Every structure is written in structure tokens, then in C-alpha cells.
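Colleague:
Numbering (this note's numbering), first residue to last: 4 to 251.
(1) To which residues of the same chain is residue 16 closer than 7 Å at the C-beta, ignoring the five residues directly before and after it?
(2) Which ranges does the beta strand (DSSP E) cover as unbroken runs of at least 3 residues, wholly within the segment 137-167, from first to last along the chain?
(3) So, helix, strand or coil for residue 247, using DSSP?
(4) If we call anything under 8 Å between Cβ atoms a contact, is residue 82 one with residue 119?
(5) Note down the Cα distance separating residue 210 from residue 95, rounded to an integer number of angstroms.
(6) Taking only runs of the beta strand (DSSP E) that begin and end inside the segment 87-131, which ones reach a length of at least 3 residues, in chain order?
(7) Under a Cβ-count criterion, where at least 16 other Cβ atoms within 10 Å of its own Cβ denotes burial, should residue 214 be classed as buried or exposed?
(8) Which two residues bound the contiguous beta strand (DSSP E) that contains residue 189?
(9) Counting only runs of 3+ residues fully inside the segment 29-90, write out the beta strand (DSSP E) ranges in chain order.
(10) Just to confirm my understanding: we take residue 59, look at its own chain, exclude 5 residues before and 5 after, and list those with CB closer than 7 Å. What are they?
(11) Taking all protein chains shown into account, decide if residue 195 is buried (16 or more other Cβ within 10 angstroms of its Cβ) or exposed.
(12) Between the segment 111-128 and the segment 21-35, are three or more C-beta pairs nearer than 8 Å?
(13) What separation, rounded to the nearest whole angstrom, lies between the Cα atoms of residue 165 and residue 98?
(14) Who are the Cβ neighbours of residue 140 in its own chain at under 8 Å, not counting the five residues just before and after it?
(15) Which term fits residue 117, buried or exposed, when burial requires 16 or more other beta carbons within 10 angstroms of its beta carbon?
(16) What residue range does the beta strand (DSSP E) around residue 20 cover?
(17) Give the straight-line distance between the Cα atoms of residue 53 and residue 192, rounded to the nearest whole angstrom.
(18) Between residue 49 and residue 220, what straight-line distance do the alpha-carbon atoms span, to the nearest angstrom?
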């Protein structure tokens, strides 16, 4: 969202909710329940609206939807998807992307956020399990994703060229305008946010994380937010800008 708010999707297979958090005061300012099939969330501005990806819709097995909500919990629109929505990227300009999948097939569908409509899908590799949209000041716009074997890849949105990395990592992310990408690499005893050069996706440094880290997000004030989740509690941690800037 803006520099003082973040929106977080939280819950499990039984129930899910959206929390809008004022990070300058460590306070939840809005919260509301959403469909338990909701899989992703992106905010279009500090005051909303929010877009949610849904992995299943009642009466239409094998389909999904993009829903538009106000930050205080009113649904104001939806777009049907041809397959379940699996993840949702941040917006760059007027466009966000939803990852859809059925069986092993995957595609990224561009969403024009104003006016609100879907554009032609971009086919991706089988079993892609995470997706981020990145705009690098020196390289342009990319889709960054992790494949079935947890290897990272980046697709140039202007040329269609794909760069694949041998690095095994999850939850790829980026910070708008910063010429680095980020992802979570873990072993049985450690977790790190690895910093990757673009466009060749080679590791340049690493930032230690909690073993509970599950996702990374770039904030509008050019910092990196980490979502930590255990069986009992979830937290959002924003890394100091100086740490993020240890990369190239």
C-alpha cells in the first residue's frame, strides 16, 4: 500500500481474513473476512482498492476469480478466471498479474486495474508456484517466478526472453525501481533472503531471516517486508533500508 500501511491476507484452510495495518503505529486499522479459497492480495493505493485472487468459486468447479474490495471490507467488483487463481502480484503502472493453474498447467493473466478487465494470458512453465512482477530501473519489467523444482526464473515482459537460475529458492520478490531481486533460501537450520542481480539472477548477498519466514514483499518506500508465520502466530517485519541496500 502506501509508506505507512500494509495489507495482509491471513488464515488457513478453514477461514481467512484481510488485515490493514498502520505500521507507523503498529495498529490494525481495518479487518474483514474473505472466502477461504482466497490465495493472494494486492493493494492499488494507500486507500485501496484491494484486489484478491480466489482459487475456487461456488457453482463453477475448476474456475477462480479476481475480486475488488474497499479497505474497510466492501466488495465492489469481480472478474471470472478460467482456472483457479493461485497468486497475485503487485501493480506496476495500471497492471497486476494473477497466476492461474489447473493440473500442472500455469499461466500469468494481466489485470488492467483501471478500467478493470483481464488481458491475454501468458503461458508459463508447468507447476510454477509463485509469481512477482518487478520493474527494475535499468532493465525494465519482468515476471519473476519459482518453478516446480524451486529454481528461479525471470521473463522479460517486453521481449519474452526467459532467464533461468540454478539457485533454489522460494517466494521471489522485488522492490519497485531497485535493481535487485529477492527470494527465500532455506536449509533445515537457516533461512535467508538472498539478494540476486538482474537480469542474470546470480546471488550477490544474503540477509538472515527467521526460520518462520514464508514470504517477501517490497514496500513503496523501498524496503523489504518479511512475513513470518508459525502454527500460532504470524508477524510482518520490515527490514531496515540499509540492510536491503547491501545488494548491488
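Don't be surprised by glycine CBs; every beta carbon is placed ideally from N, CA and C.
These numbers come from a predicted model, not from an experiment.
Modeller: Looking at the atomic coordinates:
(1) 39
(2) 143-149 and 154-159
(3) helix
(4) yes
(5) 26 Å
(6) Taking 3 residues as the shortest admissible run, the segment 87-131 contains the following complete beta strand (DSSP E) segments, listed from N- to C-terminal end: 88-91, 98-105, 108-116, 119-121 and 125-127.
(7) By the C-beta density criterion, residue 214 is exposed, having fewer than 16 other C-beta atoms within 10 angstroms.
(8) First-last of the beta strand (DSSP E) with residue 189: 183-189.
(9) 30-37, 41-46, 53-57, 67-72 and 78-84
(10) 40, 67 and 87
(11) buried
(12) no
(13) 20 Å
(14) 180, 181 and 182
(15) exposed
(16) 19-25
(17) 36 Å
(18) 15 Å
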